[in-house]
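Going by this note's numbering, the first residue of the sequence shown is number 338, and it counts up by one from there.
Contents: one structure, followed by commentary.
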Amino acid sequence: MKMEFQGLTYEVMGEGIPIVFLHGLYLDRESTMFFFEPQVRFNGFKRIYSDLPGMGSSIATPSASANSIFDSLKNFIVSIVGQKKFILFGHSYGAYMAQALAHHFKSQVLSLFMTCPVIYADKDRRILGKHINISEEKISTDKNKEYFYDFKKMNVVLNQKSWQDYQNLIIPGLKKS
């Protein structure tokens, strides 16, 4: 069920220990939800999937800064989670925010799980490995052809399934942002 808190759109599923999910830049809660829900058994966990400010269905913060996004997420967690202990998941930019939130809520955060975390948001300080592509098969790009170049820049293993996953998990958030 889709809900809203001070302009932040979110969905809650299940009961138990809260897990707050934070997606990457230009994505949305659905990309994270569609990735985790069919694949992970979440018995005993309350999953809270939110759209970051200005992404998905959430409204933007007054200033587009990491500090204003952090403040919005902090207020959201205080309101939705309260004083309970909880788990944080963050992907990419969501992991950048999750690190700051874990520090702020250090007495409440049980664990922090990150995928592709941004450690330094300063491009000049980032150290990235060389990107390569491993093409496993010819890929049909009948649909969403205009996103295929970005798909290749972001993915290592290129096959029809990974292209289909990209179309289902990534493109919807990109179109909303």
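Using N, Cα and C, we set each Cβ at its ideal position, and we do this for glycine too.
Just the C-alpha distance for residue i and residue j, rounded to the nearest angstrom, thanks.
i	j	result
Asn412	Asp479	43 angstroms
Pro390	Ile469	32 angstroms
Lys350	Leu425	According to the sequence provided, residue 350 is Met. The question's Lys does not apply to it. The alpha-carbon atoms of Met350 and Leu425 are separated by roughly 15 angstroms.
Thr398	Leu362	14 angstroms
Gly466	Met451	18 angstroms
His440	Phe372	26 angstroms
Glu519	Asp408	For residue 519 there is no data in the structure shown, the boundaries of the chain being 338 and 514.
Glu367	Ser394	10 angstroms
Asp400	Leu410	The amino acid occupying residue 400 in the given sequence is Ser; Asp does not appear at that position. Distance between the alpha carbons of Ser400 and Leu410: 14 angstroms.
Leu506	Lys489	15 angstroms
Gly427	Cys453	9 angstroms
Gln376	Asp502	13 angstroms
Phe442	Gly431	16 angstroms
Asn481	Val494	18 angstroms
Arg462	Ala437	18 angstroms
Lys460	Met340	34 angstroms
For residue i and residue j, which I take to be in contact (beta-carbon distance under 8 angstroms), what is that distance rounded to the nearest angstrom?
i	j	result
Asp365	Pro509	7 angstroms
Tyr433	Val415	Contact doesn't hold; Cβ gap of about 20 angstroms is too wide.
Met370	Ser514	Wrong, their Cβ atoms sit about 17 angstroms apart, outside the cutoff.
Ala458	Leu449	Going by Cβ atoms, the distance from Ala458 to Leu449 rounds to 17 angstroms, so no, they are not a contact pair.
Kindly indicate which residue of the options has the alpha-carbon position closest to the one of residue i.
i	options	result
Ile417	Phe485, Ser514, Ile356 and Leu511	Ile356
Leu345	Ile354, Leu359 and Glu352	Leu359
Lys421	Asp502, Gly353, Lys490 and Asn492	Gly353
Val543	Phe423, Tyr430 and Arg462	This structure does not reach residue 543, given that the chain is present from 338 up to 514, and the question cannot be answered.
Ile385	Asp461, Glu348, Leu511 and Cys453	Glu348
Ile471	Asn481, Tyr484, Met340 and Asn492	Asn492
Gly419	Asn496, Tyr430, Ala437 and Ser444	Ser444
Gln343	Ile396, Glu374, Val377 and Gln376	Ile396
Gln497	Ala458, Ser429 and Ser477	Ser477
Tyr484	Ala437, Arg462, Leu511 and Arg463	Leu511
Examine the Cβ distances between the region 361 to 381 and the region 396 to 410 and report whether three or more of them are shorter than 8 angstroms. In short, these stretches do not touch, since the Cβ pair count stays below three.
Curious, which full-length alpha helix (DSSP H) runs of at least 4 residues does the region 424 to 507 contain? Annotation: the region 424 to 507 contains the following complete segments of the alpha helix (DSSP H) (minimum length 4 residues), in chain order: 430 to 441, 485 to 491 and 497 to 506.
Ignoring anything shorter than 4 residues, give me the alpha helix (DSSP H) runs that lie fully in the region 348 to 384, in order along the chain. Runs found: 366 to 373.
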